[in-house]
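**Q**
In UniProt numbering, the protein residues as written are 1 to 423.
1) Is it right to say residue 74 is buried, meaning 16 or more other beta carbons lie within 10 angstroms of its own, or is it exposed?
2) Inspect the CB distances between the region 126-138 and the region 370-386 and report whether three or more fall short of 8 angstroms.
3) Which residue comes first and which comes last in the beta strand (DSSP E) that contains residue 314?
4) Alpha carbon to alpha carbon, how far is residue 324 from residue 313?
5) Using the Cα positions of residue 27 and residue 12, report the straight-line distance between them to the nearest angstrom.
6) Quick one: grab the DSSP three-state call for residue 151.
7) Check for me: the beta strand (DSSP E) holding residue 350 runs from which residue to which?
8) I believe residue 23 touches residue 63 by the beta-carbon criterion, under 8 angstroms. Please report the beta-carbon distance rounded to the nearest angstrom.
9) If we count the other Cβ atoms within 10 Å of its Cβ and call it buried at 16 or more, is residue 376 buried or exposed?
10) Just to confirm my understanding: we take residue 128, look at its own chain, exclude 5 residues before and 5 after, and list those with CB closer than 8 angstroms. What are they?
11) Is the Cβ-Cβ distance between residue 474 and residue 419 less than 7 angstroms?
12) In this structure, does DSSP put residue 11 in helix, strand or coil?
13) Report all residues from its chain with a CB closer than 7 angstroms to the CB of residue 107; omit the five preceding and five following residues, and keep chain order.
14) On a Cα-Cα basis, can you pick out the residue from 45, 118, 60 that is closest to residue 338?
15) Starting from the C-beta of residue 141, find all residues in its chain whose C-beta is less than 7 angstroms away, skip the five residues before and the five after it, and write them out in chain order.
16) Is it a yes or a no for the region 81-98 touching the region 46-59, going by three-plus beta-carbon pairs under 8 angstroms?
17) So residue 401 is in the beta strand (DSSP E); what residue range does that whole segment cover?
18) Here's the rule: buried if 16 or more other CB atoms are within 10 angstroms of the residue's CB, otherwise exposed. What is residue 40?
19) Would you kindly work out how many angstroms separate the C-alpha atoms of residue 116 and residue 31, rounded to a whole number?
20) Less than 7 angstroms separating the beta-carbons of residue 361 and residue 335?
21) Under 7 angstroms between the Cβ atoms of residue 318 and residue 416?
22) Can you tell me the Cα-Cα spacing of residue 148 and residue 355, whole angstroms?
23) What do you get for residue 397, buried or exposed, if any count of 16 or more other CB atoms within 10 angstroms of its CB means buried?
24) What are the residues that DSSP puts in a beta bridge with residue 116?
25) Would you report the Cα separation of residue 10 and residue 25, rounded to the nearest angstrom?
26) Could you tell me if residue 105 is buried or exposed, where buried requires 16 or more neighbouring beta carbons within 10 angstroms of its beta carbon?
27) Span of the beta strand (DSSP E) holding residue 23?
28) Give me whichever residues DSSP pairs with residue 390 in a beta bridge.
29) Verify whether the separation of the beta carbon atoms of residue 19 and residue 76 is less than 7 angstroms.
30) Under 8 angstroms Cβ to Cβ from residue 364, same chain only, skipping five residues before and after it: list those, please.
31) Report back the beta-carbon spacing between residue 50 and residue 35 to the nearest angstrom; my notes put them in contact at under 8 angstroms.
32) Using DSSP with H/G/I as helix, E/B as strand and the rest coil, what is residue 59?
33) Just the C-alpha distance for residue 321 and residue 303, rounded to the nearest angstrom, thanks.
34) Terminal residues of the continuous alpha helix (DSSP H) containing residue 37?
35) Shortest alpha-carbon distance to residue 422 belongs to which of 7, 118, 311?
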């Protein structure tokens, strides 16, 4: 989060969008604030284009900072300055002696402060997440980052707990007489289907006046269920039931099983639906449609190979800076970059020379696959490359040239860059 030192309506205004901040001199032209805010939302390079839309002569003084990446990107013009705290020491970046603006990248920045002289440090800073405000200074530090808390779903409400009631306080209600269901309309529970129990009929006492018939089968023998063999429904064996059992159809007959009862030499891995038994099918043949998907079950699952991470290339600038080529860079006195068709915006790297013969956008350096490609952007004095163990050669303007690690890129006037790669 940024903190601003707000002032009354004046010449300078602070624009904050996300993790980018712009301190710019308006000079009374407040109509440009909306365009600056849109450009700041688009990116660092788009903001520079909006500031220099009317040419360098009419470009206002400004200080621009982007702390969204792992390193802070700074651009300064005019009387504004940027103070960056790195490892406990302050580093002041200003554009003194520069006719356009100065761009730098700082790694490990713990505090970034954009200000104009004189900025009263005694004023209490106010937090600013996003917006526009009249101010003379704006400061960013990671300790002030307060991301919005993610909305947490409401905890489920628990049902009120009823206090236990003593058994003595509960009135005992007599059981109501159970009325047996009609035999032709049994009530079946959806959760656990069970056959309704038939009311027990007491056995009639034997009549002593009648003679005993020796040919009658005892009733206990008739009511006893026959031993199930598992093949009765295939061979049509007679199923003996009592009168009470015959009044209600058993639930087991209403629910057709997905498996047919067949001899053990046929695997149960191929269930045959009940509808498949219609027609001429005898229930013993395994259809070819039952084998669908069998090869898929036996096929081993292939584990995708881990992606191969390529080398990471960089260039060491003559002034001691190290610029990684992710994303590609455009090197020059005042480089102007724009979004490419692939959606990757090149990064501007500013270099200076005493003779001022370096072009604004002198050359571009990018990584294509595992190769570094250097392209001369139609510069004024050309670009020289020296491969390891080779003589110097001048690049053709606008023609990409592949180089390797250790190559020296000479832009002229002592401005050199050396290609390297991380092990």
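Positions of the beta carbon are idealized from the N, C-alpha and C atoms, including for glycine.
Only a predicted model underlies this, so the values are computations on that prediction, with no experimental measurement involved.
**A** A quick look at the data gives this:
1) Buried is the call here.
2) They do not touch, by the three-pair rule.
3) Segment 312-317, the beta strand (DSSP E) holding residue 314.
4) About 6 angstroms.
5) Their Cα atoms are separated by approximately 8 angstroms.
6) Bear in mind that a pLDDT of 37 at residue 151, under 50, signals an unreliable position, so the number given afterwards is only what the model happens to contain. It is coil, neither helix nor strand.
7) Note, residue 350: beta strand (DSSP E), 347-350.
8) About 4 angstroms separates the CB atoms of residue 23 and residue 63; that is less than 8 angstroms, so the two are in contact.
9) When all chains shown are included, residue 376 counts as buried.
10) Correct list, in chain order: 1, 2, 3, 4, 14, 16, 138.
11) Any answer about residue 474 is impossible in this case: the structure gives the chain only from 1 up to 423.
12) DSSP places residue 11 in coil when its eight states are reduced to three.
13) The residues are 71.
14) Selected option, being the one with the closest Cα: 45.
15) Cβ neighbours of residue 141 beyond the five flanking positions: 110, 111.
16) Note that the region 81-98 does not touch the region 46-59; fewer than 3 beta-carbon pairs, one per stretch, sit closer than 8 angstroms.
17) Bounds of the beta strand (DSSP E) holding residue 401 are 401-403.
18) Its Cβ being crowded by 16 or more others within 10 Å, residue 40 is buried.
19) Rounded to the nearest angstrom, the gap between the Cα atoms of residue 116 and residue 31 is 22 angstroms.
20) The criterion of a C-beta distance shorter than 7 angstroms is satisfied by residue 361 and residue 335.
21) Closer than 7 angstroms, so yes.
22) Since pLDDT at residue 148 reaches only 36, below the 50 mark, its modelled position is unreliable, and the value read off the structure follows with that caveat. Between residue 148 and residue 355, the C-alpha separation is close to 51 angstroms.
23) By the 10 Å Cβ count, residue 397 comes out exposed.
24) Residue 116 is not bridged to any residue.
25) One C-alpha to the other measures close to 9 angstroms.
26) By the neighbour-count definition (other C-beta atoms within 10 Å, threshold 16), residue 105 is a buried residue.
27) Unbroken beta strand (DSSP E) run through residue 23: 20-25.
28) BP columns for residue 390 are empty, so no partner.
29) In this structure, residue 19 lies away from residue 76, with their beta-carbon atoms at least 7 angstroms apart.
30) Cβ within range, chain order: 328, 329, 330, 331, 346, 374, 375, 377.
31) Yes, they are in contact, since the Cβ atoms of residue 50 and residue 35 sit about 6 angstroms apart, within 8 angstroms.
32) Three-state result, residue 59: coil.
33) Rounded to whole angstroms, residue 321 to residue 303 spans 42 angstroms at the Cα level.
34) Counting along the chain, the alpha helix (DSSP H) containing residue 37 begins and ends at 33-42.
35) Residue 422 has its Cα closest to that of 311, out of 7, 118, 311.
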